[in-house]
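Below: the structure, in structure tokens.
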Amino acid sequence: MVFTRANETLGANWTLHDLRHSAAKRMVRDPKLSLTDVQWVLGHLHISTTEQYLEPAEDEVVTHMLAHHARQAAEPVKPVMPAPGYRSEVLQTLLGPAALGGGPA
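With the first letter of the sequence shown counted as 1, position 46 gets the number 46 in full-length UniProt numbering; the numbers rise by one all the way through.
Quick look at the structure:
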């Protein structure tokens, strides 16, 4: 079989099931395929079986988190109004000006 010869040539030990896993991981990352599309292609009875392939790549998570923090930093801080009965100056003394939307703590 071609696959066996390729494994021997490369000194690898890949199986057809390994290729299936690789294909599944690539399919779930394709934004044009739904998870139920991938479920159907793989022949999974339960969507939870297909969900195991949803684990994100580390570099994708880092990229998404950096973008999230950049968006958060770009948004102005919305002032928080204290609940009735609390004085703003006391809360600022206890929690710092940032707690009420002021400058850095």
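We put the CB at the ideal spot given by N, CA and C, even for glycine.
Residue i, DSSP secondary structure in three states
i: residue 87; result: coil
i: residue 1; result: coil
i: residue 35; result: helix
i: residue 97; result: helix
i: residue 40; result: helix
Buried or exposed by the 16-neighbour rule on C-beta atoms within 10 Å, applied to residue i
i: residue 38; result: buried
i: residue 86; result: exposed
i: residue 90; result: exposed
i: residue 28; result: buried
When the options are compared against residue i, the one with the closest alpha-carbon
i: residue 50; options: 61, 69 and 23; result: 23
i: residue 25; options: 53, 41 and 71; result: 53
i: residue 79; options: 92, 9 and 57; result: 92
i: residue 18; options: 3, 31 and 32; result: 3
Segment limits, alpha helix (DSSP H) that includes residue i
i: residue 67; result: 58 to 74
i: residue 24; result: 16 to 28
i: residue 51; result: 47 to 51
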